[in-house]
Ligand code: NDP
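Numbering (my numbering), first residue to last: 395 to 857.
Okay, structure coming up:
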């Protein structure tokens, strides 16, 4: 048997790659991992973690305003963008250290370098200008924002990567896209006091979500003061003599702003990785093609996370990493399960969702029941805030299985995590009905909606 320097070499030190390296090293295998930028990857360094911190930052003005109804008078608040950026940096640096140390403590070796494949068992560590060999290789290089190079003036735009570290907070921003990133950042910037416009090509933002959530979020965001333009795209971005930017829209309007941000999806990081040299096949958008076990077209090379363009979510990459370790190193072939993935959009208000939307359910099932409640959450009673919460369950009339659960409102993301367990376990509406409510909470609506709001039979709504 050939002998290699390592049992496993991982390219990419994000959530998926680090998890695979750490767990495999913990099994006593010889493991190395290479990361060219910062350990922690998109999620920790310029994604989920800093995003959530900025969401918290952007919520304070509403908290201050809401406090009055509870008897507090809050002096005029002042915000300092640079303090937020610096404090965010401190926190992500701490996490970055933990990610790298975790691998090293488990016995793995962590390189700060770009690594590329030379052949199916050889990796070049560029910063050290040397090659090493490995029995198994895992590609976990993630993705990056779609640069939208066809847009004239795209070079003037920023992406989520830059948005976290802008030298100063813009006075006005225009954001293109209607997905997670565009919607979350529109709310962040608006909350921080930036005049914000969202430009989306489709009929309604957040295409993959239940229509009720989409409409209600759209309305609420507009009421807060975010301008949302649907069925519009950018045709060009021009830099003005005063340094500001003009965003030209397909409908003819020109919006002047300090920053223009593109959030038009993410593309897999597969260029110049030596994949062709090793014989690894790519798909249509440059993603690495893998089988159900995350194995590429080359037997000893695997890929997980966003680079495979399956489900672009951190917990999914981590799950794929654990399945990979089971398959490749524990003699226990395990396919990642991509069904019923709970997810949250950290918009304001938040979305938490799991399972099928009403439209998906009614196209797959002949007869569904929809339980729906729209109410003012208790915290908004004394505050006087006119913001409603939506709770919705989609049930298969035949089997009583809960097919989808959708929430818009405070802490919806936290609720989606728990609903994820219920839907994964295949619980029925009767199980929900038999569950005691926790009072007074917003989540109790989930177990107290006893009669359907309406039924949808063969695609037609009965009420
Ligand atoms: P999304 O896929 O969520 O959204 C991309 C948006 O860009 C869509 O609205 C899409 O429109 C639009 N779009 C794509 N191409 C064009 C184009 N050429 N012109 C105009 N509009 C276009 O991607 P994001 O960039 O927002 O986020 C990337 C991924 O990161 C997400 O899919 C998600 O999985 C993950 N993520 C998860 C978060 C979370 O869990 N909270 C937070 C942030 C990101 P259309 O809908 O019409 O296709």
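Glycine residues also receive a C-beta, built at the ideal position from the N, C-alpha and C atoms.
{"Query": "Could you name the residues of the same chain whose beta carbon sits closer than 8 Å to that of residue 705, not counting the 5 residues immediately before and after it, in chain order?", "Result": "732, 735"}
{"Query": "Can residue 574 be considered in contact with the ligand NDP, in the sense that its beta carbon sits closer than 7 Å to one or more heavy atoms?", "Result": "yes"}
{"Query": "Restricting to runs no shorter than 4 residues, where is the alpha helix (DSSP H) found entirely within the segment 439–486?", "Result": "442–461"}
{"Query": "Check whether the segment 755–774 and the segment 835–849 are in contact - that is, three or more C-beta pairs closer than 8 Å.", "Result": "yes"}
{"Query": "Cα-Cα, which of 720, 482, 418, 441 is closest to residue 708?", "Result": "441"}
{"Query": "Can you give the beta carbon distance from residue 639 to residue 651, rounded, assuming they're within the 8 Å contact cut?", "Result": "6 Å"}
{"Query": "By the 10 Å Cβ neighbour count, where 16 or more other Cβ atoms means buried, how is residue 848 classified, buried or exposed?", "Result": "exposed"}
{"Query": "Within 10 Å of its beta-carbon, does residue 543 have 16 or more other beta-carbons around it, so buried, or fewer, so exposed?", "Result": "exposed"}
{"Query": "Near residue 680, what residues of its chain come up, given a Cβ to Cβ distance below 7 Å and the 5 sequence neighbours on each side ignored?", "Result": "661, 662, 664"}
{"Query": "Given a threshold of 16 other Cβ atoms within 10 Å of its Cβ, counted over all protein chains shown, does residue 696 qualify as buried or as exposed?", "Result": "buried"}
{"Query": "Assuming residue 416 contacts residue 497 under a Cβ cut-off of 8 Å, what Cβ separation, rounded to an integer in Å, is found between them?", "Result": "5 Å"}
{"Query": "Taking the beta carbon of residue 658 as the centre, do at least 16 other beta carbons fall within 10 Å, making it buried, or is it exposed?", "Result": "buried"}
{"Query": "Do residue 740 and the ligand NDP come close, with the Cβ less than 7 Å from some heavy atom?", "Result": "yes"}
{"Query": "Mapping DSSP to helix, strand and coil, what is residue 556?", "Result": "helix"}
{"Query": "Determine which residues share a DSSP beta bridge with residue 830 and list them.", "Result": "Paired residue(s): none; residue 830 is not in a bridge."}
{"Query": "Using a Cβ-Cβ cut-off of 7 Å (strictly less than) and excluding sequence neighbours within five positions of residue 512, which residues of its own chain qualify?", "Result": "518, 525, 668, 671"}
{"Query": "Return helix, strand or coil for residue 359, following the three-state DSSP convention.", "Result": "Since the first and last residues shown for the chain are 395 and 857, residue 359 lies out of range."}
{"Query": "To test your reading of the DSSP string, which unbroken beta strand (DSSP E) runs of 3 or more residues are found completely within the segment 769–793?", "Result": "783–790"}
{"Query": "Among the residues of its own chain, which have a CB less than 6 Å from the CB of residue 702, if the five just before and after it don't count?", "Result": "681, 682, 684"}
{"Query": "Does the segment 794–814 touch the segment 770–786, meaning 3 or more C-beta pairs lie closer than 8 Å?", "Result": "yes"}
{"Query": "Give the C-beta separation of residue 618 and residue 584 to the nearest angstrom, bearing in mind that I take them to be a contact with Cβ-Cβ under 8 Å.", "Result": "6 Å"}
{"Query": "Tell me residue 687's beta-bridge partners as DSSP assigns them.", "Result": "Answer by DSSP bridge pairing: none, since residue 687 is not bridged."}
{"Query": "CB residue 568 to CB residue 622, shorter than 8 Å?", "Result": "no"}
{"Query": "Examine the Cβ distances between the segment 559–566 and the segment 713–721 and report whether three or more of them are shorter than 8 Å.", "Result": "no"}
{"Query": "Tell me whether residue 542, by its Cβ, gets closer than 7 Å to a heavy atom of the ligand NDP.", "Result": "yes"}
{"Query": "Less than 7 Å between the CB of residue 868 and some heavy atom of the ligand NDP, yes or no?", "Result": "Absent from the structure is residue 868, since the part of the chain shown begins at 395 and ends at 857."}
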